[in-house]
Every structure is written in structure tokens, then in C-alpha cells.
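Q: In the working numbering, the protein residues as written are -18 to 251. Ideal placement from N, C-alpha and C gives every residue a C-beta, glycine not left out. Because the structure is a prediction, the values reported are computed rather than measured.
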Amino acid sequence: MNKIINIIRKGKLVAFCGAGISSESGIPTFRGKGGLWEKYDPYLFAAQDSFNNLLLTNPFSLRDFIVDIYKTILLAKPNHAHSSLAHLENIGLLIGIITQNIDNLHHEAGNKEVAEIHGNAYVFLCKKCGYKTKKKKEEIENFIYNIKKENRKNKLIRKLLSFIGTCPRCDDRLESGVVFFGQELPSKEIEKSYQYINQSLTMLCIGTSAEVYPAASLPYYAKEKGLKIININPMINRLDEIADFSIHEKAVDFFKEIMTYFATDTYKNL
Ligand code: OAD
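This is the structure in C-alpha cells:
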């Protein structure tokens, strides 16, 4: 652990995060036991074409999926791993976070430099004019309340599911800013990700299976650029093959162990 603390102390860190960092905030991961994809087939629910098809053929299953995702996200609060990353950015050691998570918890923890490569559950876009808006929690809660209470009519639930609001600029329909399987990743977020990596010396990979591309190519790019890779995950995974250090612990436990060395007072006196 001393070696890792010394590496972190040098700064120029970039974090690459996945669902595991939010699991201790109560949001289930996607893969593995109890994961979201155990209950829902990702090829049906998370690919754009089949999602649209489900809206026509089985809108109530789609409704249940959306409710399941949002009910945990709306309740979740940043945990010690999130707040540690915010602290590391505050004291100038962390350049930025690249996250596959859509839960907004890095922003809630206080991080400013965040590349959300799979989008954000609170962000909605107008495909016609490019308008982008971040909805308040209460607005999403309202939407969830409305879709939850409709239990009978296919036509009504279809209408509710496809309507989160209209664009204030061109009046077209707003759509979710979350990235579906097979869709391109948002170019600005990808640009930011490469900028963070290109300025960094070390990548902390936290709570990701690194199974979903193109996101999963980023740690390999970082390795090629000569960054040290520290993989934090209670399970063995493919990133162990390129990791300089593998810590098989939960993210919160890892940060509890190291953050005493980076408490503001101690750190200022180093
Ligand atoms: P996964 O569900 O694939 O992997 C979560 C990882 O977190 C696993 O490797 C777990 O071992 C690890 N983990 C679990 N609890 C942890 C803890 N307390 N601390 C640290 N690690 C823990 O989630 P992602 O890698 O994020 O994409 O999945 C990537 C993408 O696949 C998601 O963004 C999503 C999904 O399909 C889209 O929807 C486009």
C-alpha cells in the first residue's frame, strides 16, 4: 500500500469508473450476481432498436425497467469512494474522472472534471436542434410517479414513456441523453477523456468489469501512453492483466485505507 500512496501523492491521476463504485450507494451493478442484466436482457432493453420495438410490443416491461433503474439512482447518495475522488481533485492530485456511470454521483460529490461517456440519467437532448438540459430530481420523480401509476392501458403508458418534455427552443420532443448499446459515445466526453489521460501519470480503474467497448479501450490506451494502472475491484478481472497494482477490495474500503494520508491538514504539511 505504501507504494500506491506514493504514486497517488505524485498526483496527475485520472479515474476510470464503473458501476462498482456506486454499488455501495445502493445502485446494483450490471453484470454478476444480482446485477441488472440478470433481470433484464441488455440486448432487448439497452439497444436503441429493440428499446423502440419494446415500446410498441411490451411497453409495461419497458416501464418496469425504467422504474428499476431510476428508483435506485434517485435515492442514491455519493459514498466515501466518490467523496474521496472529489477531495483528490480539490487538493490538485486528480485531473479528472472518466465514468461509465449515469447516476450523476461524481457531480453530487463535488467533482468538476467529469467525462460522462455513457451519458447522464438527468440529461435530456433535443435531436433536432441540439438543445441539452439537465432535469431536476423532482422532475424525474414526477415522471417516474406518472409511469408507475399507469397500470392498464398500453396506449397511455406508451405516451407517458415517450414524453419527458418538449424542447423550449424548437418544441420537438426531448430524448434521454443516456447512451444505448450500439450508439456512438458523446464526442465531447470522449475528447475530454483523452485530454485527462494525456495529462496523467496514473489511472485508477475503479469498479468496472471493462467488458463494454469502446469505453473499455481507455485503460488500454492509458497503458500504451505509459500510465501506471491501479485496478480496484473485489473480483479478479481482465484489467488485472495490464495493472501495475491490483487491489482486490471494495472501493470504499480502499479509500478508507488511503485517505487518511490525504486529509487536507496532513497533506498541506507534507
Ligand atoms: P459491470 O456490472 O460490468 O461491472 C461492475 C464491476 O464492479 C465488477 O467487476 C464488480 O466486481 C465490481 N464491483 C462490485 N462491487 C464493487 C465495489 N464495492 N467496489 C469496487 N468494485 C466493485 O459494470 P461496468 O463495468 O460499469 O453500459 O459496465 C460497463 C457498462 O456496461 C455500463 O456503463 C453499462 C453496462 O451495460 C451501458 O448501458 C451502455
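Among residues of its own chain, excluding the 5 on either side of V233, which ones have a beta-carbon nearer than 8 Å to its beta-carbon?
A: Along the sequence shown, one-based indexing puts residue 233 at 252. Taken in chain order, the residues that qualify are E5, N60, H61 and A62.
Q: Nearest CA to the CA of V48: which residue from K(-7), L142 and T10?
A: If you number the sequence shown from 1, residue 48 lands on position 67. It is L142 whose Cα lies nearest to the Cα of V48.
Q: Nearest-angstrom Cα distance between G77 and K136?
A: The residue given as residue 77 occupies position 96 in the sequence shown. The residue given as residue 136 occupies position 155 in the sequence shown. So the two alpha carbons sit approximately 44 Å from each other.
Q: For G15, which residues from the same chain have a beta carbon less than 8 Å from its beta carbon, with the 5 sequence-adjacent residues on both sides left out?
A: Numbered from 1 along the sequence shown, position 34 holds the residue referred to as residue 15. For G15, where only same-chain residues beyond five positions count, the Cβ hits under 8 Å are P9.
Q: Flag E170 as yes when its Cβ comes closer than 7 Å to any non-hydrogen atom of ligand 1, and as no otherwise.
A: Position 189 of the sequence shown, counted from the start, is the residue given in the question as residue 170. E170: no, Cβ never under 7 Å from ligand 1.
Q: Let me confirm a value: L37 is counted as buried when at least 16 other C-beta atoms fall within 10 Å, else exposed. Which label applies?
A: Position 56 of the sequence shown, counted from the start, is the residue given in the question as residue 37. Within 10 angstroms of the beta-carbon of L37 lie fewer than 16 other beta-carbons, which makes it exposed.
Q: Relative to ligand 1, is the shortest distance from any of its heavy atoms to the C-beta of S157 smaller than 7 Å?
A: Working through the sequence shown from its first residue, we reach residue 157 at position 176. No, the beta carbon of S157 sits no closer than 7 Å to any heavy atom of ligand 1.
Q: Using the rule of at least 16 other Cβ atoms within 10 Å of the residue's Cβ for burial, across every protein chain shown, is Y103 buried or exposed?
A: Along the sequence shown, read from residue 1 onward, the residue named residue 103 stands at position 122. Buried: at least 16 other Cβ atoms inside 10 Å.
Q: Which residue or residues does DSSP assign as beta-bridge partners of A224?
A: The sequence position of residue 224 within the sequence shown is 243, counting from 1. Answer is none; A224 lacks a bridge partner.
Q: Using alpha carbons as the reference points, say which of E120, E119 and T183 lies closest to I223.
A: Walking along the sequence shown from the start, residue 223 turns up at place 242. Comparing Cα-Cα distances from I223 to each of E120, E119 and T183, the minimum goes to T183.
Q: Given 8 Å as the limit, is there contact between the stretch -17 to -9 and the stretch 235 to 244, that is, 3 or more CB pairs closer than that?
A: yes
Q: When DSSP builds the beta bridges, which residues end up paired with R154?
A: Within the sequence shown, the letter at position 173 stands for residue 154. Its beta-bridge partners are T147.
Q: Under the three-state reduction of DSSP, which class applies to M(-18): helix, strand or coil?
A: Here the question's residue -18 lines up with position 1 in the sequence shown. DSSP places M(-18) in coil when its eight states are reduced to three.
Q: Compute every distance between the C-beta of E5 and the non-hydrogen atoms of ligand 3, then say whether any falls below 7 Å.
A: Looking for ligand 3 in the displayed structure turns up nothing; the ligands present are ligand 1.
Q: Could you have a look at K93 and say whether DSSP puts it in helix, strand or coil?
A: Position 112 of the sequence shown, counted from the start, is the residue given in the question as residue 93. Coil at K93, not helix or strand.
Q: The alpha helix (DSSP H) that contains L106, what's its start and end?
A: Position 125 of the sequence shown, counting from 1, holds the residue named residue 106. Per DSSP, L106 belongs to no alpha helix (DSSP H); it is in the beta strand (DSSP E), V104 to L106.
Q: Put N82 into one of helix, strand or coil per three-state DSSP.
A: Here residue 82 refers to the residue found at position 101 when the sequence shown is read from its first residue. Note: N82 maps to coil in three-state DSSP.
Q: According to DSSP, which residues form a beta bridge with L75?
A: Numbered from 1 along the sequence shown, position 94 holds the residue referred to as residue 75. In the DSSP output, where bridge partners are listed per residue, L75 has L(-6).
Q: Rounding to the nearest angstrom, what Cα-Cα distance links I293 and Y51 in this structure?
A: The chain is shown only over -18 to 251; residue 293 falls outside these bounds and no answer can be derived.
Q: Helix, strand or coil for F243, going by three-state DSSP, please let me know.
A: For the purposes of this step, residue 243 is taken as the residue at position 262 of the sequence shown. Here F243 sits in helix by DSSP.
Q: Which of the three DSSP states is assigned to K209 in this structure?
A: Within the sequence shown, the letter at position 228 stands for residue 209. Here K209 sits in strand by DSSP.
Q: Where does I162 fall in DSSP's three states?
A: Walking along the sequence shown from the start, residue 162 turns up at place 181. It should be pointed out that residue 162 corresponds to Phe in this sequence rather than to Ile. Strand, per DSSP.
Q: Tell me, which residues are paired with A28 by DSSP?
A: Residue mapping note: residue 28 aligns to position 47 of the sequence shown, counting from 1. F162.
Q: With distance defined between alpha-carbon atoms, name the residue in N39, I121 and A96 nearest to T53.
A: For the purposes of this step, residue 53 is taken as the residue at position 72 of the sequence shown. Of the listed residues, the one whose Cα sits closest to T53 is I121.
Q: Take the Cβ of G188 as the centre, count every other Cβ of all protein chains shown within 10 Å, and call the residue buried at 16 or more, exposed below.
A: Indexing the sequence shown from 1 puts residue 188 at position 207. With 16 or more other Cβ atoms within 10 Å, it is buried.
Q: Spatial neighbours of A244 within its chain, please: C-beta separation below 8 Å, excluding the five flanking residues on both sides.
A: Counting from 1 along the sequence shown, the entry for residue 244 is found at position 263. For A244, where only same-chain residues beyond five positions count, there are no Cβ hits under 8 Å.
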